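Have a look at this one:
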């Protein structure tokens, strides 16, 4: 069933002014796997990555669909005596 009158289509803007953030708190193995998938690397490449506890990883998805890794397991927000690994 077609609606009466003309149908207006609004295309989404390629350049968005707002940013969207999703925060995921999980085990480093999961983060390493997600990073590999996002960068289109073989899933087993996660075995070659090391990250400290409480590190921040940032995956950037550009409006064009290109994906880049902004930071991986960055723990610069912690004093060095608080750094731990596994």
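Numbering (this note's numbering), first residue to last: 377 to 462. No residue lacks a Cβ here, since even glycine has one placed at the ideal position from N, Cα and C. As the structure is a prediction and not an experimental result, all values here were calculated from the model.
{"Query": "Opposing strand residues paired with residue 436 [DSSP bridges]", "Result": "444"}
{"Query": "Neighbour flag for residue 427 against chain B, beta carbons, 8 Å", "Result": "Going by chain labels, chain B is absent from the structure shown, which holds only one protein chain."}
{"Query": "Residue range of the alpha helix (DSSP H) that includes residue 404", "Result": "404-414"}
{"Query": "Proximity below 8 Å, CB of residue 445 to CB of residue 415", "Result": "yes"}
{"Query": "For residue 450: DSSP bridge partner residues", "Result": "432"}
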